[in-house]
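The structure appears right after this line, and notes come after that.
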Amino acid sequence: MNASYVGRRLFQALLTIAFIVVLNFILFRLMPGSPERILTRNPNISASVKTELRERWGLDKPVIPDQFVAYLGATAQGDFGLSYQYRGREVGEVLGSRIWPTVILFGLGEAIAIVVGMGLGAYAGWRRGGPVDYLGNGLSLVLYATPYFVLGMFLLLVFASTLGWFPTNGMLSAGARYDSFVDQLLDFGHHLVLPLATVSLGLIGLYSILMRSAIIETLAEDYVQTARAKGLRDGHILRAHALPNAMLPAVTIVAIQLGYVIAGAITAEVVFNWPGIGTLTVDALSTRDYPVLQGVFLLLAVSIVVANLLADLLYGLLDPRVRT
Amino acid sequence: MTAGSVPVGDLRGARLRLRLRGAREFGARFVQRRDGLVGGLILLAFGLLALAPGLFVGPLESVVSATGERFDSPSGEHILGTDRAGRDLLNLTVHGTRVSMLIGLLATLVTVFIGALIGIVSGFIGGKVDTVLMRLSDFFLVLPTFVLALILAPILLDIFGSQAELLGMRVTLLVIVIVIGVTSWASTARIIRSQTLSLRERAFVDRARVVGAGPGWIMRRHILPNVVNLIVANTVLTFAGAVLTETTLSFIGLGDPFQPSWGQLLNQAQSDGAAGLGAWWVLAPPGIAIILVVLAFTLVGSALDDLLNPKLRGRR
């Protein structure tokens with residue numbers, strides 16, 4: 001991978017982040033009476049804090065350049081202002097306390113879905129028209145058409161409220177005291193099962209459909225024909241020739257879909273009242289807690305851009321053809 | 325074209341006949357694809373419900389005009405049961421069809437219009453215009469609709485006020501249409517642009533230019549008709565995405581409680597704790613309706629894609 005490829009991708013990612021930051025600033029000023037209203041309407045802050053905020057954000061000075069510069073400086077330091085609903089706590093702090101439940105739920109779900117979904121898709125594409133393909137593809141299409149929260153509500157209905165196998169909400173039992181860390185971990189795991197099943201099932205549909213078509217496309221390539229003509233065994237062709245090449249588009253797809261997955265994870269969290277970024281977002285929406293919403297927007301947008309950058313770089317590493 | 329030998333006066337008629345024959349052949353091929361046909365029939369059924377919901381279940385029940393008891397399970401009187409306010413679920417779901425489909429349709433039209441306009445202009449004009457427009461589309465491609473909508477929708481709702489009406493539609497619904505349209509045109513623009521790039525180099529475009537046609541005329545009369553196929557296939561898939569996005573946005577509380585879409589119904593079910601209470605009949609009707617419609621759009625979309633993209637034909 002040469003330096004100019006890396007440099008160009010890096011530049012593109014930085015440009016996009018700059019775009020996001022500027023957009024956030026513009027939207028902030030678009031609202032009626034804002035940003036004055038946004039910053040100072042907060043019922044949980046005192047008059048002295050208000051004066052401090054006015055100075056901090058340069059609200060008595062013109063929008064360009066003073067307010068813009070103040071905004072850029074604050075954003076660069078991770079300062080998004082104060083939350084309304086959390087009694088004037090800093091947005092960065094609120095986000096920090098909610099990020100781990102989401103990372104765990106989402107990271108595990110993504111890992112399970114990549115292994116199971118891509119495995120299923122690869123096998124279905126390999127044995128095209130067979131029973132696994134027929135069933136698996138049909139199921140994947142239905143899963144793909146199902147919004148995460150609908151899936152989550154059905155799972156909750158069946159496995160939590162009807163069968164009673166799993167708790168209906170939260171991350172840990174309310175008011176529980178644990179004798180040991182292991183007990184706490186077990187309780188956490190018990191709460192995790194249904195949200196995790198929701199996120200991974202939703203993703204499995206998507207990944208298996210995409211992997212199936214990637215494999216089918218790869219199998220039509222000349223080098224697979226050549227391998228067949230050389231008399232190589234089926235399994236060997238799949239593992240050594242078809243899979244590695246079909247994995248290439250898969251890497252990009254995982255990154256591109258990240259945004260949609262985040263949307264899904266947000267709604268899945270709401271169904272199970274999982275205390276992550278998703279429930280935080282929905283609470284912030286209903287109370288119009290704009291500082292928190294902006295923090296969430298920047299956090300999600302920048303993570304997506306970074307994930308795309310990583311995927312691009314990984315792709316360059318895997319596929320010599322795009323390194324130019 | 326075979327119309328070359330026909331007298332000028334008959335040209336229009338001949339062209340029409342050719343089109344009709346093409347449409348018939350296309351219809352016959354489409355019907356042969358069983359998955360596309362099934363999807364089409366499902367959409368037809370929901371389309372009828374959306375056109376005249378009152379005809380099937382009477383006027384929309386509100387909290388005031390509710391006809392049943394609270395959380396009644398399905399019975400002869402209420403085939404799909406009732407929700408927390410005693411409203412009939414069948415009534416709500418059928419009326420929800422209209423809201424969901426209408427928002428989906430309008431959002432799709434906005435998306436495809438912006439996408440086609442930017443794609444054709446960007447591809448045909450080229451140069452700096454192309455660079456700027458494609459950078460812009462990069463931005464929207466990377467950032468998913470939902471993440472942008474998360475910040476755009478509440479701001480627009482606050483600017484317009486959630487009670488206002490515009491063109492006979494509640495502003496809450498229009499905001500969702502605008503948000504989806506403004507944030508999801510990029511992939512359409514990309515597809516149309518690449519096709520335009522190849523069309524621009526064809527001989528018929530050069531000939532049009534030689535006889536004095538301006539860029540606007542060429543784009544409208546020569547490029548546009550040649551990308552219509554792509555636009556149609558893209559529209560169907562965009563529609564599925566729009567319905568899903570609308571549902572998700574309504575579910576997280578950006579919908580309109582007075583014009584309930586399926587997502588809004590599920591939002592209410594969620595805040596009433598229907599899943600926890602075991603009230604499956606409150607979740608199932610809107611939930612299954614969403615799954616069916618999105619599935620049907622996906623089936624029709626991929627069938628159309630196969631038929632309209634000669635390159636893909638016969639690959640499955």
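Protein chains in written order, with the numbering used here: chain R, 1 to 324; chain P, 325 to 640.
Cβ coordinates follow ideal geometry from the N, Cα and C atoms, glycine included.
Treat the numbers as computed from the prediction; the structure is a model and nothing was measured.
- Considering only P:Gly428, P:Gly443, P:Pro377, P:Leu616, the residue with the shortest C-alpha distance to leucine 414 (chain P) is P:Pro377.
- Taking C-alpha positions only, arginine 345 (chain P) is separated from leucine 105 (chain R) by approximately 54 Å.
- Counting every other CB atom within 10 Å of its CB across the protein chains shown gives alanine 513 (chain P) a total of 16 or more, marking it as buried.
- With its beta carbon less than 8 Å from one in chain P, phenylalanine 19 (chain R) belongs to the interface.
- Of all residues in the segment 351 to 366 of chain P, none comes within less than 7 Å of chain R when Cβ atoms are compared.
- Ranked by Cα distance from isoleucine 576 (chain P), the first of P:Trp586, P:Ser585, P:Asn591 is P:Asn591.
- Interface annotation, proline 398 (chain P): not in contact with chain R, CB-CB separation never under 8 Å.
- Under DSSP, glutamate 90 (chain R) shares a beta bridge with R:Leu82.
- The three-state secondary structure of aspartate 462 (chain P), taken from DSSP, is helix.
- For proline 249 (chain R), same chain residues with a beta-carbon under 7 Å away, outside a window of 5 residues either side, are Ala214 in chain order.
- A residue is called buried when at least 16 other Cβ atoms come within 10 angstroms of its Cβ; alanine 3 (chain R) does not meet this threshold and is exposed.
- Taking every protein chain shown into account, the CB of isoleucine 304 (chain R) has 16 or more other CB atoms within 10 angstroms, so this residue is buried.
- At a cut-off of 4 residues, the continuous stretches assigned as alpha helix (DSSP H) that sit fully inside the segment 531 to 562 of chain P are 539 to 542.
- Cβ neighbours of valine 618 (chain P) within its own chain (closer than 7 Å, five residues either side excluded): Ala564, Val567, Leu568.
- Asparagine 137 (chain R) is outside the set of residues whose beta carbon lies under 8 Å from a beta carbon in chain P.
- In the three-state reduction of the DSSP assignment, threonine 406 (chain P) falls in the strand class, which pools E and B.
- From the beta-carbon of alanine 145 (chain R), the residues of chain P found nearer than 9 Å are Ala564, Leu568, Ile614, Ile615, Leu616, Val617, Val618, Leu619, Ala620, Phe621, Thr622.
- Rounded to the nearest whole angstrom, the CA to CA distance from tyrosine 134 (chain R) to isoleucine 204 (chain R) is 16 Å.
- DSSP places phenylalanine 272 (chain R) in the uninterrupted alpha helix (DSSP H) bounded by 258 to 272.
- Counting other Cβ atoms within 10 Å of its Cβ, leucine 379 (chain P) stays below 16 and is therefore classed as exposed.
- Relative to the Cα of leucine 318 (chain R), the nearest Cα in the group R:Ala111, R:Asn245, R:Thr279 belongs to R:Asn245.
- Along the segment 290 to 313 of chain R, the positions whose C-beta sits under 8 Å from a C-beta of chain P are Tyr290, Leu293, Gln294, Val296, Phe297, Leu300, Ala301, Ile304, Val305, Asn308, read in chain order.
- In the DSSP assignment, alanine 513 (chain P) falls within the alpha helix (DSSP H) that extends over 510 to 524.
- Under the 8 Å criterion on CB atoms, glycine 121 (chain R) is classed as non-interfacial with respect to chain P.
- Inclusion of glycine 536 (chain P) and valine 150 (chain R) in the CB contact set at 8 Å is not warranted, their separation being larger than that value.
- For glutamine 225 (chain R), the enclosing alpha helix (DSSP H) starts and ends at 222 to 229.
- Proximity to tyrosine 144 (chain R) across R:Tyr207, R:Leu298, R:Asn169 peaks at R:Tyr207, based on C-alpha coordinates.
- Here the segment 307 to 318 of chain R makes no contact with the segment 95 to 105 of chain R; the two share fewer than three CB pairs at distances below 8 Å.
- A distance of 8 Å or more separates the beta carbons of valine 499 (chain P) and leucine 474 (chain P).
- Taking alanine 532 (chain P) as the centre and dropping the five residues before and after it, the same chain places the C-beta of Ile542, His546 closer than 6 Å to its C-beta, in chain order.
- In this structure, the alpha-carbon of threonine 162 (chain R) lies about 40 Å from that of threonine 507 (chain P).
- Taking the Cα positions, glutamate 52 (chain R) is about 15 Å away from phenylalanine 80 (chain R).
- A direct Cα-Cα distance of roughly 7 Å separates threonine 252 (chain R) from tyrosine 315 (chain R).
- Phenylalanine 68 (chain R) is positioned such that its CB atom lies closer than 8 Å to that of phenylalanine 25 (chain R).
- Between the alpha carbons of alanine 510 (chain P) and glycine 439 (chain P) lies a distance of about 6 Å.
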